[in-house]
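Contents: one structure, followed by commentary.
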Amino acid sequence: MRAKVKTKPAETPDDTPSTTATQPSTWSVTYELKFLPLSSCRGFGASSPPRLDYVWESGSEGTGWVRDTTTRRLDTEGKTVPIKVPDGHSVRLFLNSDASGGFFSYPVFEFTPNGEDAKITITETSEKADADPKLQGRSGKMNGDLWMKVSHQYTEAEVRDLLRAAHAEAGGGWPHQIDRAVLSAYGPLKGTGMLTTEPQFRLGDPDPINMVFQGFDPKTGARTEDGNHVDDNAHKFIPNWDFFRHGLPRVHPWALLAMFIAAWEAKVDEVEINSGWRPILGAIGHRNGLGLDVISLTGTLKLNTGAPLYLEYFPKWKVHVNATKVVDPHRGEKLDLINRFRESLYAQKNLVKQVFDPWKMEEDTNDGRVPLDNSNRPGNERAHRDHLHVTARHGKAKPLDILDLVRLSRLAGLA
Ligand SMILES: [Zn+2]
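Per this note's numbering, residue 677 is the first one in the sequence shown, and the count goes up by one each step.
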């Protein structure tokens, strides 16, 4: 549902005339967001609070809402949103990909100043409960379910538009079976637990590319009883959670697309994903659906440097590690594969912004700088010692052209 609203330029006061010199025409409402203590991508090392995107609007149900035209982002230090609200109006927020993607489907934390400036405190909480977008007095809660509600779930129609935009942005050139595999993530998976390009889609190569998800049976989609799962974080914090219905469709299609293209170019037939959209862990990249993590390629090669992983990190096991330092028997094969996979991701500059892996750290594929080596320093480097992370760019749909129409009809016919 998209509300009919007017927009106004950023920071321009509403044109409500001020009545007297002594009574202000606007009130200052400041939202302060308090996040749970954070750790980075996979839980090692501290990182900054999530740089949450937001858009605000003021007005009321009766008179309509006026939305600020700018998507803003919390900085890493000040976690406050100061807003000037015209006297007699209410204010409310749109957050995360619901705001940055321009969807505006879930307004939260509406407040009406009562003749004075006000400070609203929003506290992130790990309690597993339904979302409550209403304030209690001057405080509100942001739990896993609320994170989910402010994270856009892409529809098949939107994904078709975004795939079209990807062809326009990145020049296309990949088989349309890849688009179909990506598209399938946004509809019912028909009883399986993976995305697949299906067999025999390239000349001389009968193997499909499969994207499988850690902790889910690729054949049935059943969640395994124990071990790690791609959706452990969301499963822990969101009531009635279902990965394929709620989690996978919140991943931006360009993240999935980039992985498939890299697999196709690097001749990898299986990509195992171990994290995608999630609510309560790490920087904003996974909470807004742009982040995607790969833990293994080809079904056997785990993306780590070959050192016994957790043993190396935790001091209490250090002696044990030193005693069992082994040479990774797959090192050559693994490096060859990851190099090809990574190079493809780097080349997809218009679709992929960041790539972090156990060997290389690429902050921005478009900045012209050579990626740094991953030296396993505490923080972002150590967080990426055992998997490859991709942050997709914020893709937006573009107007149709004639070639797009041809692609679109092909996609629609195959879907
Ligand atoms: Zn990640």
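We treat Cβ as the ideally placed atom computed from N, Cα and C, and that holds for glycine.
Hey, is residue i close to ligand 1, as in C-beta under 7 angstroms from one of its heavy atoms?
i	result
S951	yes
H962	yes
G967	yes
H905	no
H1065	yes
Alpha carbon to alpha carbon, what distance is there between residue j and residue i?
i	j	result
M935	H765	46 angstroms
V767	E800	20 angstroms
T745	K978	44 angstroms
I798	M818	7 angstroms
E803	T702	36 angstroms
V1031	L839	21 angstroms
A794	F787	9 angstroms
M677	E832	With a pLDDT of 41 at M677, under the threshold of 50, the predicted position of this residue should be treated as unreliable, though the coordinate-derived value follows. If I take the Cα positions, the gap works out to 16 angstroms.
N1026	P864	29 angstroms
D1049	E1057	9 angstroms
T896	V888	11 angstroms
R1045	Y1022	12 angstroms
D774	Y782	7 angstroms
E845	V1028	11 angstroms
N964	L932	14 angstroms
F892	F780	32 angstroms
K760	W732	10 angstroms
H1063	S972	7 angstroms
Buried or exposed for residue i, please, with buried defined as at least 16 other CB atoms from any protein chain shown within 10 angstroms of its CB.
i	result
D806	exposed
Y986	Below a pLDDT of 50, predicted positions are generally treated as unreliable, and Y986, at 44, falls in that range; the measurement from the model is reported next regardless. Per the 10 Å Cβ criterion, exposed.
G975	exposed
A898	exposed
G1071	buried
P1005	exposed
E792	exposed
G706	The sequence shown places Thr at residue 706, rather than the Gly named in the question. By the 10 Å Cβ count, T706 comes out exposed.
R718	Residue placement at R718 is flagged as unreliable, the pLDDT there being 43, under the threshold of 50; a coordinate-derived value is accordingly withheld.
R926	buried
S734	buried
Exercise. Does the region 948 to 956 come close enough to the region 904 to 918 to have 3 or more Cβ pairs within less than 8 angstroms?
Worked result: At 8 angstroms Cβ cutoff, the stretches touch.
Exercise. Below 8 angstroms, can you find three or more Cβ-Cβ pairs linking the region 1038 to 1054 to the region 957 to 972?
Worked result: Counting Cβ pairs under 8 angstroms, fewer than three are found: no touch.
Problem set entry | Touch test, the region 1034 to 1043 against the region 889 to 902, Cβ-Cβ under 8 angstroms, three pairs minimum | With a cut-off of 8 angstroms, the region 889 to 902 and the region 1034 to 1043 do not count as touching, because too few Cβ pairs lie within range.
Exercise. Do the region 942 to 951 and the region 1010 to 1023 meet, that is, are 3 or more Cβ pairs less than 8 angstroms apart?
Worked result: Taking a contact to require three or more Cβ pairs closer than 8 angstroms, the region 942 to 951 and the region 1010 to 1023 qualify as touching.
Problem set entry | Contained alpha helix (DSSP H) runs [length at least 4] in the region 753 to 789, N- to C-terminal order | Annotation note: the region 753 to 789 contains the following uninterrupted alpha helix (DSSP H) runs of length 4 or greater, listed N- to C-terminal: 772 to 776.
For this session: Indicate whether the contact test is met: 3 or more Cβ pairs, each with one atom in the region 828 to 836 and one in the region 729 to 740, closer than 8 angstroms.
Result: Put simply, the region 828 to 836 does not touch the region 729 to 740. Fewer than three CB pairs are less than 8 angstroms apart.
For this session: Would you list, in sequence order, the uninterrupted beta strand (DSSP E) runs of no fewer than 3 residues that lie entirely inside the region 779 to 855?
Result: For the region 779 to 855, whole beta strand (DSSP E) runs of length 3 or above, ordered along the chain, are 784 to 787, 794 to 800, 815 to 818.
For this session: Scan the region 941 to 975 and note each continuous alpha helix (DSSP H) run of 4 residues or more that stays entirely inside, going in chain order.
Result: Along the length of the region 941 to 975, whole alpha helix (DSSP H) runs at least 4 residues long occupy 960 to 963, reported in chain order.
Exercise. Mind pulling the alpha helix (DSSP H) runs of 4 or more residues that sit fully within the region 999 to 1067?
Worked result: DSSP runs (the alpha helix (DSSP H)) wholly in the region 999 to 1067: 1007 to 1023, 1056 to 1059.
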